[in-house]
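Asker: Numbering of the sequence shown is given in our numbering, commencing with residue 13 and proceeding in unit increments. Below you will find the structure I want to go over with you.
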Amino acid sequence: MSPILSLRGIRKTYSNGSISLEALRGIDLDVEEGDYVAIMGPSGSGKSTLMHILGCLDIATSGHYELAGRDVSTLSEGQLAEVRNRSIGFVFQQFNLLPSMTAQQNVELPLVYAGVGRAERSARAREVLTAVGLADRMAHRPGELSGGQQQRVSIARALVNNPDILLADEPTGNLDSASTEDVLDLLSGLHARGRTIILITHEHDVAVRSVHQYSIRDGLLGPLETGTLG
Numbered sequence: 013m014s015p016i017l018s019l020r021g022i023r024k025t026y027s028n029g030s031i032s033l034e035a036l037r038g039i040d041l042d043v044e045e046g047d048y049v050a051i052m053g054p055s056g057s058g059k060s061t062l063m064h065i066l067g068c069l070d071i072a073t074s075g076h077y078e079l080a081g082r083d084v085s086t087l088s089e090g091q092l093a094e095v096r097n098r099s100i101g102f103v104f105q106q107f108n109l110l111p112s113m114t115a116q117q118n119v120e121l122p123l124v125y126a127g128v129g130r131a132e133r134s135a136r137a138r139e140v141l142t143a144v145g146l147a148d149r150m151a152h153r154p155g156e157l158s159g160g161q162q163q164r165v166s167i168a169r170a171l172v173n174n175p176d177i178l179l180a181d182e183p184t185g186n187l188d189s190a191s192t193e194d195v196l197d198l199l200s201g202l203h204a205r206g207r208t209i210i211l212i213t214h215e216h217d218v219a220v221r222s223v224h225q226y227s228i229r230d231g232l233l234g235p236l237e238t239g240t241l242g
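So this is what it looks like as C-alpha cells:
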C-alpha cells in the first residue's frame, strides 16, 4: 500500500537579489496511513519551511510531494486551497481561534468554507468537541477557556473535516506542563484510533511521544538520535 504522504528530493531555496538561501536540501519522507510522526529541530533548522510545504502553504523549489495520491506540485492555487481545507487538519501554537465566537462556532468554520449545511455543521462540530472532552464547553468563547482547552478546540476544528492528516505545529508551545501532557495524551488517543499525525516541535520530550521521530538540521532530515536536544 502506498504511503498517505511521500516526499522525494524536496528542496526549497529563497532568493534575495544575488543572495540565495537553501532552507531544505533534499528531503525524503514517507508517512503511512495511521502513523504518528514527529519532526524535531531548533530555530533555523528548516522545520518551519518543511511544515509550510507539508501543509501546502508553500511549494517546493524542486522535488516531488504526493499527498493522498495527488501530486501536490501540479496543483493550482485553488486546488491547493481545497487540499488545505479538506485533506489537512492544522493545529497551531497560537490556537488561532476567533475570540468573538463560541467553541462550537470556531469548530464549524471549516465546514462553512466547505459549503456544509447548518444542521450538519452543528452535528459534526458537537461530535468532535465531545470527542476531545469539551462537551460541556461548546458555548464558551476562547477567553473563557484555559490554554489547554483552547488547544482542544483547535484540534476539534482540525478534525471536523475528517482530514487525511493532522499537522500540528508546536501545539504545546504556549502551554504549561499540565496542559502539555493533556494535549499529548489527546494526540496519542487520536493516533490509537487511527489518525495520521505529523507533529513539528523543538522539544525532545514532546517528540518522543510519537511513534517515529526525525531530526531536521541545516535543511536535512534524519532519524532523531537518543538524547538529541532542541
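The beta carbon of each residue, even a glycine, is placed where N, CA and C say it ideally should be. Since the model is a prediction, treat every value here as computed from it, not as a measurement.
#1: Are the stretch 76–87 and the stretch 13–27 touching by the rule of at least three beta carbon pairs closer than 8 angstroms?
#2: Can you round the beta-carbon distance between N173 and N97 to whole angstroms, since I take them to be within the 8 angstroms contact cut?
#3: Among Q161, L199, G159, T142, which has the Cα closest to the Cα of L178?
#4: Write down the C-beta distance between P183 and Q163 rounded to the nearest angstrom, noting that I regard them as a contact closer than 8 angstroms.
#5: Using 8 angstroms as the Cβ pair cut-off and three pairs as the minimum, do the stretch 146–158 and the stretch 112–121 touch?
#6: Are L211 and A168 closer than 8 angstroms when you measure CB to CB?
#7: Does the Cβ-Cβ distance between L233 and L41 come in under 8 angstroms?
#8: Give me, in chain order, the residues of the same chain whose beta-carbon lies closer than 6 angstroms to that of H224; leave out the 5 immediate sequence neighbours on both sides.
#9: Please report the distance separating the alpha-carbon of R20 from that of T61.
#10: Report the CB separation of V124 from R138 in whole angstroms; it is logged as a contact under 8 angstroms.
#11: Taking 7 angstroms as the limit between beta carbons, can you name the residues of its chain near L236, skipping five residues before and five after?
#12: Let me know the secondary structure DSSP gives A72 once reduced to three states.
Answerer: On the basis of the supplied data:
#1: yes
#2: Mapped onto the sequence shown, residue 173 falls at position 161. Mapped onto the sequence shown, residue 97 falls at position 85. 7 angstroms between Cβ atoms; contact.
#3: Counting from one through the sequence shown, the residue named residue 178 turns up at place 166. Minimum Cα distance to L178 is reached at L199.
#4: Locating residue 183 in the sequence shown gives position 171, counting from the first residue. Locating residue 163 in the sequence shown gives position 151, counting from the first residue. Indeed they touch by this definition, with Cβ atoms about 6 angstroms apart.
#5: yes
#6: As a working note, residue 211 is residue 199 in the sequence shown. As a working note, residue 168 is residue 156 in the sequence shown. No; because the gap between Cβ atoms is not below 8 angstroms, this pair is not in contact.
#7: The residue labelled residue 233 in the question sits at position 221 within the sequence shown. The residue labelled residue 41 in the question sits at position 29 within the sequence shown. Taking 8 angstroms as the Cβ cut-off, L233 and L41 qualify as a contacting pair.
#8: Locating residue 224 in the sequence shown gives position 212, counting from the first residue. Answer for H224: V49, listed in chain order.
#9: Locating residue 20 in the sequence shown gives position 8, counting from the first residue. Locating residue 61 in the sequence shown gives position 49, counting from the first residue. Rounded to the nearest angstrom, the two C-alpha atoms are 15 angstroms apart.
#10: Locating residue 124 in the sequence shown gives position 112, where the first residue counts as 1. Locating residue 138 in the sequence shown gives position 126, where the first residue counts as 1. Wrong, their Cβ atoms sit about 15 angstroms apart, outside the cutoff.
#11: Against the sequence shown, residue 236 aligns to sequence position 224. So the list reads M52, A219, Q225, Y226, S227, once near-sequence residues are dropped.
#12: Translated into positions along the sequence shown, residue 72 becomes position 60. In this structure, A72 counts as coil in the three-state DSSP scheme.
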